[in-house]
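Notes follow once the structure below has been shown.
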Amino acid sequence: MNHAPFIWASYSIGTVVLLWCALAPLTRKKSVIRDIRKLNQIEERNRDPNS
Amino acid sequence: MTIEQQSGSMGSAFFALLRRDLLLAFRRRTEMLFPIVFLLVVVSLFPLGIGPGPQLLARIAPGVIWIAALLATVISLDGLFRSDYEDGTLEQFVLSGHPLTLISLAKIVAHWLVAGLPLVLLSPLLAIWMNLPIESLGVMVLTLLLGTPILSLIGSIGVGLTISLKRGGQLLSLLVFPLYVPILIIATAAVMAASDGLPYTAFLGLLVAGLITSVTLAPFAAAAALKISLS
Amino acid sequence: MLSVSKINFERYFEPVFEPVSFELKAGQLLLVTGTNGCGKTTLIRVLADILHPTSGDFVERTDSMGYVGHYLGIKDDLSVIENLRFMRDFLGTSNRSCEEVIRQVGLGRVSEQLARTLSAGQRKRCALARLLLSNTSLWLLDEPYSNLDQEGVDLVDEMLTDHLEAGGACVLATHGNHRPEWADAQDYRLISGAAA
Amino acid sequence: MNTNVTTMNKEKARKNWLVMFIHKMGSPPWFYNFAGKLIPWLWAIFIGLTVWGLYLGLFKAPADYQQGESFRIMYLHVPAAWMSMMIYTSMAIMGFIALVWRIRIMEILAMCSAPVGAAFTIIALASGSLWGRPTWGTYWVWDARLTSELVLLFLYLGVIGLYNSIDEPRKAARAACLLAMVGAVNLPIIHYSVKWWNTLHQGSSISVTGGSNIDPSMLWPLLIMAVAVKFYYGANLLTRARVKLLEQDKRKGWVKNLVKEHKS
Chain A
6 MNHAPFIWAS YSIGTVVLLW CALAPLTRKK SVIRDIRKLN QIEERNRDPN
56 S
Chain B
10 MTIEQQSGSM GSAFFALLRR DLLLAFRRRT EMLFPIVFLL VVVSLFPLGI
60 GPGPQLLARI APGVIWIAAL LATVISLDGL FRSDYEDGTL EQFVLSGHPL
110 TLISLAKIVA HWLVAGLPLV LLSPLLAIWM NLPIESLGVM VLTLLLGTPI
160 LSLIGSIGVG LTISLKRGGQ LLSLLVFPLY VPILIIATAA VMAASDGLPY
210 TAFLGLLVAG LITSVTLAPF AAAAALKISL S
Chain C
60 MLSVSKINFE RYFEPVFEPV SFELKAGQLL LVTGTNGCGK TTLIRVLADI
110 LHPTSGDFVE RTDSMGYVGH YLGIKDDLSV IENLRFMRDF LGTSNRSCEE
160 VIRQVGLGRV SEQLARTLSA GQRKRCALAR LLLSNTSLWL LDEPYSNLDQ
210 EGVDLVDEML TDHLEAGGAC VLATHGNHRP EWADAQDYRL ISGAAA
Chain D
11 MNTNVTTMNK EKARKNWLVM FIHKMGSPPW FYNFAGKLIP WLWAIFIGLT
61 VWGLYLGLFK APADYQQGES FRIMYLHVPA AWMSMMIYTS MAIMGFIALV
111 WRIRIMEILA MCSAPVGAAF TIIALASGSL WGRPTWGTYW VWDARLTSEL
161 VLLFLYLGVI GLYNSIDEPR KAARAACLLA MVGAVNLPII HYSVKWWNTL
211 HQGSSISVTG GSNIDPSMLW PLLIMAVAVK FYYGANLLTR ARVKLLEQDK
261 RKGWVKNLVK EHKS
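Going line by line, the protein sequences match chains A, B, C and D.
For the first sequence, our numbering gives the first residue as 6, with consecutive numbering after it.
For the second sequence, our numbering gives the first residue as 10, with consecutive numbering after it.
For the third sequence, our numbering gives the first residue as 60, with consecutive numbering after it.
For the fourth sequence, our numbering gives the first residue as 11, with consecutive numbering after it.
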């Protein structure tokens, strides 16, 4: 039996899982920063009429 | 009026709680029967699903009965702390000054008497249904007698952790089944060894060791879990 | 009896209320007031050691605490008297009989009934009976007047007076209308953490 | 209570660098910056070691006389399996510290470990099953290692599931940390009972690590890979912890300032 496809398959699964696992927090970070910006904007808008 | 709590002994608190839980279970005796009926139904489905061949049934009997016992235990576990959590009794327990570990242990014992012991008593019937050799029937009952308390003890930790969730029951099975793996392996191995006429006392010894370990550790973990769930 | 310094509790990383400090001695009553959602229940639960404060210290705290909260801790499937008998055995207190406290809170007529048949006010009275039975020195009462009729409100006041005269102390959280009469009462206005 | 104790002991803490380090770790902005500086180095070491290890393993090492080429899956499978166990253990240890001393950063680190550990478990399972096809002729055999890995995956899923089901983040973290500890106590029992169950039922005798005496030229790449994935774990864990910290402290001043600076 040719072993190569199994080796390639397992290494590609490994790469995909590890890449996904590494990239997931980065996309999460982007959306978190977007949230925080929105919060900041709301706060600034609320502060303006008072001053 | 003397303002100083005459803190009662822990033993009397333990038995008061045990008695109350048994009384409550008796008042709700129909609900108490559900896990037992569940066990009967699940085991009876196996011959229907895989055919009534006595040889095959005898071979899978220990596994089937034990897995059905695991499922029935998990079904009954959800009621272990839920009503005390929801009606505020658990908060009163925390305030009582009695250690939560002792309280958990009393409730676990009550749970086993109500949900675990009937499984043990019912197992000879299941063994006959599943065509288990008569010589290993005693071992089957023994493994359940030693094993079901462990299931209640370990399960109590999972219940303690999921009690604050509305749909905790579904998560509970995910949390506790992996922890039940060693018991399942050892208990079924004991019964199979007995069926094959091999020595099985070592397996029972392992179960006893497991029971002692879980009695000493699980109530502490369950108490910690309850404390977290109350916050 | 109870002394706390800068107690704070955070939920979702926001303080629930402004840091709380006070000292409560025997015979004193602390009235915790504040708007809805300012954290009265949370504070009482922190004081009761059900919740762990995020920061701050308990300088002093008695172990002998009785608590009546929103969830009363009464088993529906037990009768009033069974509920109390269980608590008596569980707590190991024996200074007063269950029948006596049931009569005091005015549940004599229903003492053999299952708790599930009681009205909200009657259940509250049952919880108050347990409080009397528990023989504790520090009472933590969360909205004890809710669901009670005038007679019940008077009952709570009476219980409080007896308790404080006997050298007990009490923290009582209430949102307002009624306040018990007691000379040595302090007011504590709880401020929501979000207001800061 | 915690904070007060730490402030009272501040003088004492200064003298002990370890206590000081833990104290600093508890400060979110400090941790955020410190981790931010560390992460690129960890990634660099990981990539360097992986390239070196895989070059040796996939191109330099000779084929195994018994298993043929398929043994090369070992360089992925074995480090992943080791990591899955190690991460669970470290998660439980961090969970223990978090529970006993109520340290928030430890709660975060423990909870951010779970998905990384689960990822390694999935890799160990997938590569194990792909190795099984040419060796045993089937994708799945209830072999001791694969079975333990499967149970381990359930344990990870339990921790992640519990953490995500409870709303209040700190309560969720404390509950899941406790579960991780319970799981860690059970893990060796599960591992040995599964191993023993496997011999009892006469399971497959060849395993991925091979019964054959391993040639040093095959062993080196394995060790290099095992070290490399530890750096992956470190880098990934710190990245996740930083994001979690931002998310939890989004209303706090330091995060607001950080984001404002980030914008400019």
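No residue lacks a Cβ here, since even glycine has one placed at the ideal position from N, Cα and C.
Since we're looking at a predicted model, the values are computed, not measured.
Query                                                                                                                                                                                  : Result
Express the C-alpha separation of Gln-87/C and Phe-122/D in angstroms, rounding to a whole number.                                                                                     : The residue asked about is misnamed: residue 122/D is Cys in this sequence, not Phe. Each residue's Cα considered, the two are about 48 Å apart.
Leaving out five residues on either side along the sequence, give the residues of the same chain with a beta carbon under 6 Å from the beta carbon of Gly-221/D.                       : The predicted model places Gly-221/D with a pLDDT of 49, which falls under 50 and marks its position as unreliable; any figure quoted below should be read in that light. Same-chain partners within the cutoff: there are none.
Determine the chain B residues that contact Asp-108/C at a beta-carbon separation under 7 Å, and present them in chain order.                                                          : Val-103
With a threshold of 8 Å between beta carbons, is Phe-72/C in contact with chain F?                                                                                                     : Among the chains of the structure shown, chain F does not appear; the protein chains present are A, B, C and D.
List, in order along the chain, the chain D residues whose C-beta lies closer than 7 Å to that of Arg-33/A?                                                                            : Val-253
Measure from the alpha carbon of Gly-165/C to the alpha carbon of each residue in His-222/C, Ser-153/C, Arg-182/C, then state which is nearest.                                        : Arg-182/C
Mind the definition here: the segment 85 to 92 of chain B touches the segment 114 to 129 of chain C only if three or more C-beta pairs lie below 8 Å; say whether that holds.          : no
If you drop the 5 nearest sequence neighbours on each side, which residues of the same chain put their C-beta closer than 7 Å to that of Asn-67/C?                                     : Pro-74, Pro-78, Pro-112, Thr-113, Ser-114, Gly-115
Restricting to Cα atoms, I'd like to know which of Glu-95/B, Ala-218/B, Ile-112/B is closest to Lys-175/B.                                                                             : Glu-95/B
DSSP puts Asp-213/C in a beta bridge; with which residues?                                                                                                                             : None, per the DSSP bridge assignment.
With 8 Å as the limit, tell me which residues of the segment 83 to 96 of chain B have their beta carbon closer than that to any beta carbon of chain C; keep them in chain order.      : Ser-92, Glu-95, Asp-96
Can you check whether the C-beta of Gly-106/B is within less than 8 Å of a C-beta belonging to chain C?                                                                                : yes
What are the boundary residues of the beta strand (DSSP E) that Thr-92/C is part of?                                                                                                   : 88 to 92
Might you give, ordered along the chain, the residues of its own chain that have their beta carbon closer than 6 Å to the beta carbon of Ala-27/A, omitting 5 neighbours on each side? : none
Given a limit of 8 Å on CB to CB distance, which residues of the segment 124 to 136 of chain C reach chain B?                                                                          : Met-124, Gly-125, Tyr-126, Gly-128, His-129, Tyr-130, Leu-131, Gly-132, Ile-133, Lys-134, Asp-135, Asp-136
Return no unless some Cβ of chain A is closer than 8 Å to the Cβ of His-1/D.                                                                                                           : Chain D is shown from 11 up to 274; residue 1/D falls before or after that span and cannot be answered.
List the residues of chain B whose Cβ lies closer than 8 Å to the Cβ of Trp-207/D, in chain order.                                                                                     : Ile-194, Ala-198
Can you name the residues of chain D whose CB is closer than 8 Å to the CB of Leu-23/A?                                                                                                : Ala-129, Ile-133, Tyr-242
Taking CB distances under 8 Å as the criterion, tell me whether Ile-237/B reaches chain D.                                                                                             : yes
List the residues of chain C that Glu-178/D touches, going by C-beta distances under 9 Å, in chain order.                                                                              : Arg-70, Tyr-71
Less than 8 Å separating the beta-carbons of Leu-188/D and Ala-232/B?                                                                                                                  : no
At what residue ranges does the segment 30 to 71 of chain D contain a whole run of the beta strand (DSSP E), taking only runs of 3 or more?                                            : none
Could you tell me whether any Cβ in chain C is nearer than 8 Å to the Cβ of Arg-82/D?                                                                                                  : no
Between Gly-221/D and chain C, is any beta-carbon pair separated by less than 8 Å?                                                                                                     : Confidence in Gly-221/D is poor, its pLDDT being 49 and thus under 50, which makes the residue's placement unreliable; the coordinate value appears in the next sentence. Chain C, which has no Cβ nearer than 8 Å to the Cβ of Gly-221/D, makes this no.
In whole angstroms, what is the alpha-carbon distance linking Leu-170/B and Val-169/D?                                                                                                 : 11 Å
Measuring only between beta-carbons, confirm whether Gly-180/C sits less than 8 Å from chain B.                                                                                        : no
For Thr-99/D versus Ala-194/D, is the C-beta spacing smaller than 8 Å?                                                                                                                 : yes
Comparing C-alpha positions only, which one of Gly-132/C, Gly-151/C, Ala-186/C sits nearest to Ser-92/B?                                                                               : Gly-132/C
Taking Asp-53/A as the query, report the chain D residues whose CB atoms sit under 7 Å from its CB, ordered along the chain.                                                           : Correct list: empty, because the minimum Cβ distance to chain D is about 16 Å.
Give the range of the alpha helix (DSSP H) segment to which Cys-185/C is assigned.                                                                                                     : 179 to 193
Between Ser-196/C, Arg-168/C, Asn-154/C, Thr-94/C, which lies nearest to Cys-185/C when the distance is taken from Cα to Cα?                                                           : Arg-168/C
What is the rounded straight-line gap between the Cα of Gly-96/C and the Cα of Leu-150/C?                                                                                              : 33 Å
Assuming Ala-102/D and Ala-190/D are in contact, meaning their beta carbons sit under 8 Å apart, how far apart are those beta carbons, in whole angstroms?                             : 5 Å
Go ahead and label Gln-101/B buried or exposed: buried means 16 or more other beta carbons lie within 10 angstroms of its beta carbon, across all protein chains shown.                : buried
State the DSSP-derived secondary structure class of Lys-84/C, mapped to helix, strand or coil.                                                                                         : coil
Is the segment 119 to 129 of chain B touching the segment 155 to 164 of chain C in the sense that three or more CB pairs, one from each, lie closer than 8 Å?                          : no
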